[in-house]
Amino acid sequence: LDTTSFFSFYDVTEKIGIVIGMVCFGLIDHISGSMRNGILFFILFFVFGVLMLLRIPKLKEASPES
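So the sequence shown is numbered by the working numbering: it starts at 165 and just counts up by one.
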């Protein structure tokens, strides 16, 4: 199992997320003229992310054999 590829993928997605987040914040700030609306937009991003994470099925643990 090559764990370095997972860290590389995580690093790339982190950088992409930073760019997308800053662009969205800048656009909302520019369009609305208020940084507060940008923060509200990020709160919606987090709520949407949590809802997506809650939809992931949980693994069932195997029952220990006696």
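Even for Gly, the Cβ is constructed at its ideal location relative to N, Cα and C.
Predicted, not measured: the structure shown is a model, and the values here were computed from it.
CA-CA distance, arginine 219 and glycine 213?
-> 10 Å
Reducing DSSP to helix, strand and coil, say where glycine 197 ends up.
-> Taken through DSSP and simplified to helix, strand or coil, glycine 197 comes out as coil.
Compare the C-alpha of phenylalanine 205 against each of Thr177, Asp166, Phe170, Val187 and name the closest.
-> Closest option to phenylalanine 205, Cα to Cα, is Val187.
Would you tell me roughly how many angstroms separate the C-alpha atoms of serine 172 and aspartate 166, rounded to the nearest one?
-> Distance between the alpha carbons of serine 172 and aspartate 166: 11 Å.
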